[in-house]
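Top line first, the protein sequences correspond to chains A and B.
Going by the numbering used here, the first sequence opens with residue 95, and the numbers climb by one from there.
Going by the numbering used here, the second sequence opens with residue 95, and the numbers climb by one from there.
For glycine and all other residues, C-beta sits at the position ideal for the given N, C-alpha and C.
On a predicted model such as this, the values are computed, not experimentally measured, just so you know.
Number of protein chains: 2
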Amino acid sequence: MKWLTAIACVLAANVCWAQADGAFRPASTNVWDAQYPRIDDAGRVQVRVKAPDATKVKLNFWNGPKVDMQKQADGFWSVITEPLVPGFHYYTVVIDGAEVSDPGSQAFFGGSRYASAVEIPEPGATYYSIQDVPHGQVREVWYHSKVTGTWRHALVYLPPGYDTQAKARYPVLYLQHGGGEDETGWIRQGRANFILDNLIAAREAEPMIVVMAYGYARRAGEAPPDMSSVAFGSPAMLKGMLDMAATFEDDVTQALIPFIDKTFKTLTDRDNRAMAGLSMGGMQTFHVTLNHLDLFSHIGGFSGAAGLLSADAGKFDPKTAYNGVFADAAAFGKRVHVLWLGVGSAEGERFLSGIRGFHEGLNAAGIKHVYVESPGTDHEWQTWRRALQDFAPRLFKHRKART
Amino acid sequence: MKWLTAIACVLAANVCWAQADGAFRPASTNVWDAQYPRIDDAGRVQVRVKAPDATKVKLNFWNGPKVDMQKQADGFWSVITEPLVPGFHYYTVVIDGAEVSDPGSQAFFGGSRYASAVEIPEPGATYYSIQDVPHGQVREVWYHSKVTGTWRHALVYLPPGYDTQAKARYPVLYLQHGGGEDETGWIRQGRANFILDNLIAAREAEPMIVVMAYGYARRAGEAPPDMSSVAFGSPAMLKGMLDMAATFEDDVTQALIPFIDKTFKTLTDRDNRAMAGLSMGGMQTFHVTLNHLDLFSHIGGFSGAAGLLSADAGKFDPKTAYNGVFADAAAFGKRVHVLWLGVGSAEGERFLSGIRGFHEGLNAAGIKHVYVESPGTDHEWQTWRRALQDFAPRLFKHRKART
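Structural data, given as C-alpha cells:
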C-alpha cells in the first residue's frame, strides 16, 4: 500500500513534514509538497532529515558549507546554513559515514550519482525561469552508434514554431554537460530550454536547435581500462581521459551529427553548427571542434578545462596547441565566427588560472575571442546559465550579416 | 574538483567499486559503471553501500525482501536477497533509521521520493526493450493551466514518422502514473515508448500519440488541506482524494486536452481518444472518462482502484456507480469501444478483491469488457507493462473496421 501512504503524505503534508514557519519557505527544487529543505531571502538553507538512530549527521554542500546537523527530539536532524550565493547548489547528507541524498529534494544527476540540490533565486533574474512566452519542446531521442556499439540517449531542444513552420530549417548548437553529470543536466539543472525560450521571444537569439548528448563513451567491445594502479592526475589517467574524449569525438562526428541532420530540419553547413560545453564538456568541445573546423564555426568553453588535454596543461602555445590550429590567427578568425571562454570568479585556482591563461595566450596570439567572468559564482550552474545567456545571442549572426 | 573525482571513478571503476565476480552482474538500472547493485540469473540481488560508522543497515524492497545487511571490514554493508520475480523493483536502504536511496542506482520517482530500483530481466521478453525498429520520440511540454494556476509539465510520445508524414493525424492515449509517482514513470520505469515502438513496428498497434501528465493538482489559490487529524482511510481522507481527482479532471478536460489538440496533429473526436492509468491513475481514469464519455471512448484501469471513489468501496452497483453510466449496458457498449481491467495475481488482497469485484459486477451487469490477470506479479511495473502491451493493440481498431 505504498501508493496509499504516498497519497496520504501528499494530502496530509503536515503529518509527514513539519509546518513551514516564518521567513523560510520550501525550495523550488523540492519534491511535491516536501516542506524541507527550506530557504529564506538571505539565501540560508535549512535542511531536515529523519535519522532516528544515527550518531552523526553532516550536511555537505559540494561548493559550500559542510556542517554538522543537530539531532532533535523527534528523530530528525536539522541545521541552518550561512547564506549561499544565488543559483543551483548540489548537496548530500552524510549519515554515520554514508553519503546519501535528501528524500525531500528532487534528484539531479551530478557527481556520478543522483544528488540533492537547492535552488536559491537570484533577485530580478527571470532569464532562466519559465515565462509566458512561446515555449520550445525538449525531445528525447535514441540513436545507435557504431562507435560505441550501443543505443545512446540525447535530449534535443526545438525552438517555438518548429512544428508549424514546415519549411524553416534551423542552425544547431551541440551543448555538453560536465563530468559526473549527464545529458539531462542542461535542462533540469541549467534550464537551457527556458533560457532559449526567453532569448528567442525577446529576439535576442536566433531560433536554434540545441542537442544535449551523453558525454561518456567507450569503444564497441572495449572493456573499462584497468586503472587500479593509476594515480590521480597521472599521465595514465590523462591517457584514459584522452581515450574517452577521442571516442566521444568519433561518436559526435560519425553517429550523432548524421542522426540529428537526418532526423530534424537542420541547416547542415559548418556556418550553422556550434558546440559548447561546461567543465569536462568544455574540454570535449575544444577537442571536437578544433579537430573538426570543417564541421563547426562557433565554439564555447564554459569553465572549460581546455588545458587538460595538452601535456603541458596551462601553458598555451598557439604554434602547437590543437595541432597548430591557432598558428595563423587571421585564418582562424575567418573560419571561427565565435570563440567564447568564461569562468566564475569564485571558482578554484586551477580553473581560474587555466582558463585565464588560455585567454591571455589567445590574446597574445591575436586570436579574436570573447572572455567573460561571472562575478561571485563558483564551478556551478549559475556560472553556466550566465554563460549560455551571453553565448547564445552571439550565435549564427553571420546569417543576418550576409542577407 | 568533484568533476575530476567523478571522471576518475568512471575511468578507474575498480578503484571506486569492487570488481564484479562470478554469476553476478551490474543491474541495467545502475548509474554509469556502478558495479552494485548486482543481479544473477536467478533474480537474486546483491546490494552494497558504504556506511562505515553505521550500526544497523537494512535493505528494503517495497514489494519484496526486507533484510538486514552485513558490515564488511572495508566499511561497506552488503547482502544478497532471495530471487525476485522479473520486473522493476523499487527499494531503499535504511541506515540507522534513515530511509535513503542507494547511490549506485539510478533514481526513479516513486513513493513521493526519488527511490532506487533494480531491473530483473524477464527471460525472452523483448517487448519493453529498445529494438532496432523505428523509434518514436518523447517530448517534454509545458502548459499553463487555469485550473491550477500553474505551469504543468507533461511528456508526450509521438510515433515513428510523426515528423515526416505531414498530413497524418493520430489518435491519443492519455496514460497516467500511480500515486507517489509522476509523469516520468511510464517512460523511465514503464518503458512505454519502447512498448509502443515495438507494437507499432509489428503492426500490432495503431500509430498513436501517448500523453503522460502530472497527476497531482490543487486548485488555483487553494492551500493544502489541513489533514493533521485525519485518519488513514477515513471519510475525510477519501474526501481529500476526491477533491484532488476532481481538480485533476478539470485540468485534463479544460487545460490539457485543448493544449494537446492545439499543439499536436491529433484526431480530436471521442472515437480517437483513450485514457488509461495505473493504480491511482486507474482511479483517475475511471473518474475522468466515465464523467466525460463525450470525450473518451476507450478506458483502461491497470491495477486501478475503481472502488476507492465510491463511498461503498468494492461494492459495485451498476445502477448507481459513476452516476449510473453502467445502468444501460447496451448503450454503454455502443459508446465505449474498449473497457479494460487488469491486476497482478500477486497483488495484495485489497487490490485483488476490489478489481475482481468490479470485474464480476460488470459481468453481472452485462457490460462488455476485457479482464486480464498478470501471473505472478505484484503491484509493480511488470504488471503495468504487460497491461499496456495487452491494452494498446486493442485501441482505435474501430477506425479500420469502418473503412
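Classification of residue i by the beta-carbon crowding that lies within 10 angstroms, buried from 16 upward
i, result
"residue 218 of chain A", "exposed"
"residue 352 of chain B", "exposed"
"residue 117 of chain A", "exposed"
"residue 143 of chain A", "buried"
"residue 476 of chain B", "buried"
"residue 226 of chain A", "exposed"
"residue 124 of chain A", "buried"
"residue 298 of chain B", "exposed"
"residue 467 of chain A", "buried"
"residue 176 of chain A", "exposed"
"residue 483 of chain B", "buried"
"residue 136 of chain B", "exposed"
DSSP-derived helix/strand/coil call for residue i
i, result
"residue 341 of chain B", "helix"
"residue 171 of chain A", "strand"
"residue 482 of chain A", "helix"
"residue 296 of chain B", "coil"
"residue 195 of chain B", "coil"
"residue 463 of chain B", "coil"
"residue 350 of chain A", "helix"
"residue 182 of chain B", "strand"
"residue 370 of chain A", "strand"
"residue 381 of chain A", "helix"
"residue 289 of chain A", "helix"
"residue 474 of chain A", "coil"
"residue 211 of chain A", "strand"
"residue 162 of chain A", "strand"
"residue 441 of chain A", "coil"
"residue 404 of chain A", "Residue confidence for residue 404 of chain A is low, a pLDDT of 47 falling below 50, so the modelled location carries little weight and cannot support an answer."
"residue 389 of chain A", "coil"
"residue 68 of chain A", "The question about residue 68 of chain A has no answer, for chain A in this structure spans 95 to 497."
"residue 258 of chain B", "coil"
"residue 224 of chain B", "coil"
"residue 313 of chain B", "coil"
"residue 330 of chain A", "helix"
"residue 138 of chain A", "coil"
Residue-level contact to chain E via CB, residue i, 9 Å cutoff
i, result
"residue 281 of chain A", "Here chain E cannot be found, since the structure's protein chains are A and B."
Closest by C-alpha distance to residue i, when choosing among the options
i, options, result
"residue 465 of chain B", "B:143, B:385, B:480", "B:480"
"residue 291 of chain A", "A:397, A:417, A:359, A:230", "A:230"
"residue 387 of chain B", "B:416, B:147, B:142, B:397", "B:416"
"residue 485 of chain A", "A:177, A:358, A:338, A:302", "A:302"
"residue 150 of chain A", "B:289, B:411, B:435, B:190", "B:190"
"residue 222 of chain A", "A:182, A:311, A:192", "A:182"
"residue 165 of chain A", "A:177, A:147, A:376", "A:147"
"residue 145 of chain B", "B:120, B:168, B:309", "B:168"
"residue 312 of chain B", "B:329, B:334, B:488, B:304", "B:334"
"residue 138 of chain B", "B:158, B:125, B:124", "B:158"
"residue 300 of chain A", "A:225, A:254, A:237, A:258", "A:254"
"residue 487 of chain A", "A:380, A:293, A:472, A:328", "A:293"
"residue 283 of chain B", "B:209, B:347, B:260", "B:209"
"residue 315 of chain B", "B:251, B:241, B:329", "B:241"
"residue 140 of chain A", "A:224, A:186, A:173", "A:173"
"residue 220 of chain B", "B:212, B:296, B:258, B:236", "B:296"
Chain-order list of residues whose beta-carbon lies under 8 Å from that of residue i (same chain, five-residue window excluded)
i, result
"residue 470 of chain B", "179, 438, 439, 440"
Cβ neighbours of residue i in the same chain (closer than 7 Å, five flanking residues each side left out)
i, result
"residue 280 of chain A", "269, 271, 286, 306"
"residue 383 of chain A", "369, 390, 393"
"residue 239 of chain B", "246, 345, 349"
"residue 453 of chain B", "435, 465"
"residue 378 of chain A", "270, 309, 339, 342, 371"
"residue 355 of chain A", "362"
"residue 276 of chain B", "203, 308"
"residue 421 of chain A", "412, 413"
"residue 213 of chain B", "121, 122, 123, 182"
"residue 426 of chain A", "419, 420, 461"
Cutoff 6 Å; reference residue i; Cβ partners in own chain excluding five residues on either side
i, result
"residue 274 of chain B", "204, 205, 206"
"residue 431 of chain A", "391, 392, 492"
"residue 455 of chain B", "410"
"residue 162 of chain B", "152"
Okay, do the region 358-375 of chain B and the region 257-267 of chain B touch, 3+ Cβ pairs below 8 Å being the bar? yes
May I ask you to verify whether the region 454-465 of chain B touches the region 194-207 of chain B, counting CB pairs closer than 8 Å and requiring at least 3? no
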